[in-house]
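Visitor: Got a structure here, written out as structure tokens. Questions coming.
2 protein chains.
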Amino acid sequence: MARAATTSDVFNAIAEPQRREILVLLRAGERPVTELAQELGMTQPGASKHLRVLREVGLVRDRKAGKQRLYGLDARGLRPVHEWTGGFERFWNESFDRLDAYVQDLKQARQDGSN
Amino acid sequence: MARAATTSDVFNAIAEPQRREILVLLRAGERPVTELAQELGMTQPGASKHLRVLREVGLVRDRKAGKQRLYGLDARGLRPVHEWTGGFERFWNESFDRLDAYVQDLKQARQDGSN
DNA sequence: TTGACGCATGCCGATATCGGCATATGATGG
DNA sequence: CCATCATATGCCGATATCGGCATGCGTCAA
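Protein chains in written order, with our numbering: chain A, 2 to 116; chain B, 2 to 116.
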């Protein structure tokens with residue numbers, strides 16, 4: 002077995018830096034594929050593939066507009082990620098303290114050792 | 002080129018469901034590897050490997066405790082993820098409206114077509 | 001109809017992943 | 001020192017990924 006399919010999980014979909022950049026760009030509004038590809042310095046097929054993944058996890062919608070196909074953001078899928086990480090909010094403050102304590106212990110151990 | 006190394010990016014590290022479960026478990030406090038493996042129904046080597054990844058992206062610290070090695074949470078690395086998704090907060094409300102409008106358009110189009 | 005444009009898809013190669021198993025490494029206790 | 005327990009690592013197979021290239025398909029304009 003390899004990694005779980007990126008196509009079925011939002012966490013996996015946004016694990017790709019280029020896909021995150023696409024999402025960021027789409028905050029400014031709908032865009033056609035070619036424009037996205039150009040602004041992100043990737044090939045058109047490359048952009049299409051990333052957009053396909055984003056579409057399959059529901060982070061993006063597409064709409065035909067004549068010759069073009071406009072992609073737009075549907076950020077609702079990001080909410081679970083935000084909430085999941087939010088479940089650790091109180092820990093990333095506390096962590097500083099724990100780390101401090103940890104570092105203190107190390108210093109202490111070093112001093113004790115050198116005596 | 003394949004997927005970016007999961008070992009170098011928090012987004013990738015938490016793309017794995019089992020690793021997310023490990024992090025959740027560690028909110029309750031430090032744990033030895035075997036206990037984690039058992040509670041999550043995975044093999045000990047499996048747990049060790051996931052913990053390695055989490056350690057390499059800094060989401061987890063380890064501390065020797067005699068024969069055992071206790072793993073503890075360092076949630077600070079999750080903060081960037083929380084903030085990145087937070088950048089879309091206003092969109093996942095707005096998205097409902099847009100989707101409504103979108104659905105309206107579809108209905109409209111269907112009606113127009115059937116006339 | 002034909003050509004041009006916009007986009008999607010298919011195939012390929014290189015690579016990283018995950019899980020399983022065996023085994024190495026490390027620390028503890030007798 | 002030796003046996004044992006806790007963990008890490010190495011190797012393997014199956015698979016999914018990403019990027020590049022060529023090409024298919026649909027739409028519009030002349």
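No residue lacks a Cβ here, since even glycine has one placed at the ideal position from N, Cα and C. Remember, predicted model here, so these are calculated numbers, not experimental data.
1. What are the residues that DSSP puts in a beta bridge with glycine 73/A?
2. By how many angstroms is the C-alpha of valine 61/B removed from the C-alpha of glycine 72/A?
3. Chain A beta carbons: is any one of them nearer than 8 angstroms to that of alanine 76/B?
4. Straight-line CA distance for lysine 108/A to proline 18/B?
5. Measure the C-alpha to C-alpha separation of aspartate 10/B and leucine 24/A and round it to an integer number of angstroms.
6. Among the candidates Ala16/B, Asn13/B and Pro33/B, whose CA atom is the shortest distance from the CA of glycine 1/B?
7. So with CB distances below 9 angstroms, who are the chain B contacts of alanine 66/A?
8. List the residues of chain A whose Cβ lies closer than 7 angstroms to the Cβ of alanine 48/B, in chain order.
9. Within 10 Å of its beta-carbon, does arginine 91/A have 16 or more other beta-carbons around it, so buried, or fewer, so exposed?
10. Residues bridged to proline 81/B by DSSP?
11. Is the number of C-beta pairs between the segment 78-86 of chain B and the segment 81-88 of chain A that are closer than 8 angstroms three or more?
12. Taking only runs of the beta strand (DSSP E) that begin and end inside the segment 17-65 of chain B, which ones reach a length of at least 3 residues, in chain order?
13. Starting from phenylalanine 12/A and walking both ways along the alpha helix (DSSP H), at which residues does that stretch end?
14. Between alanine 48/A and phenylalanine 12/B, which are expected to be in contact by the criterion C-beta below 8 angstroms, what is the C-beta distance as a whole number of angstroms?
15. For arginine 1/B, return the contacting residues in chain A, with the cut-off set at a CB-CB distance below 9 angstroms.
16. On the CB-based measure, 16 or more other CB atoms within 10 Å of its CB, does arginine 64/A come out buried or exposed?
17. Quick check on alanine 38/B: buried or exposed, where buried means 16 or more other Cβ atoms within 10 Å of its Cβ?
18. Nearest chain A C-beta to histidine 83/B closer than 8 angstroms, yes or no?
19. What does a CB cutoff of less than 7 angstroms around aspartate 75/A pick up in its chain, not counting 5 residues either side in sequence?
Guide: Taking the definition as stated:
1. According to DSSP, which records beta bridges pairwise, glycine 73/A is partnered with Arg62/A.
2. Per the sequence presented here, residue 72/A reads as tyrosine, with glycine not at that position. Rounded to whole angstroms, tyrosine 72/A to valine 61/B spans 38 angstroms at the Cα level.
3. Closer than 8 angstroms to some Cβ of chain A, the Cβ of alanine 76/B qualifies, so yes.
4. Low per-residue confidence applies at lysine 108/A: pLDDT is 45, beneath 50, and the placement is therefore not dependable enough to give any value.
5. Roughly 18 angstroms between the two C-alpha positions.
6. Nothing about residue 1/B can be reported from this structure: the residues present for chain B run from 2 to 116 only.
7. Simply none; closest approach about 12 angstroms.
8. Neighbours of alanine 48/B on chain A: none; closest Cβ ~16 angstroms, over 7 angstroms.
9. It counts as exposed.
10. According to DSSP, which records beta bridges pairwise, proline 81/B is partnered with nothing at all.
11. With three or more CB-CB distances shorter than 8 angstroms, the segment 78-86 of chain B counts as touching the segment 81-88 of chain A.
12. The DSSP assignment places no complete beta strand (DSSP E) segment of no fewer than 3 residues inside the segment 17-65 of chain B.
13. Segment 11-14, the alpha helix (DSSP H) holding phenylalanine 12/A.
14. The C-beta distance from alanine 48/A to phenylalanine 12/B rounds to 19 angstroms, too long to meet the 8 angstroms contact threshold.
15. With chain B represented from 2 up to 116, any question about residue 1/B goes unanswered, as that position is not in the structure.
16. Around the beta carbon of arginine 64/A, a 10 Å sphere encloses fewer than 16 other beta carbons of the protein chains shown; the residue is thus reported as exposed.
17. By the neighbour-count rule (16 or more Cβ atoms within 10 Å), alanine 38/B is buried.
18. The beta-carbon of histidine 83/B is placed less than 8 angstroms from the nearest beta-carbon of chain A.
19. Shown here for aspartate 75/A: same chain residues with a beta carbon closer than 7 angstroms to its own, the five before and five after excluded, namely Gly59, Leu60, Val61 and Arg62 in chain order.
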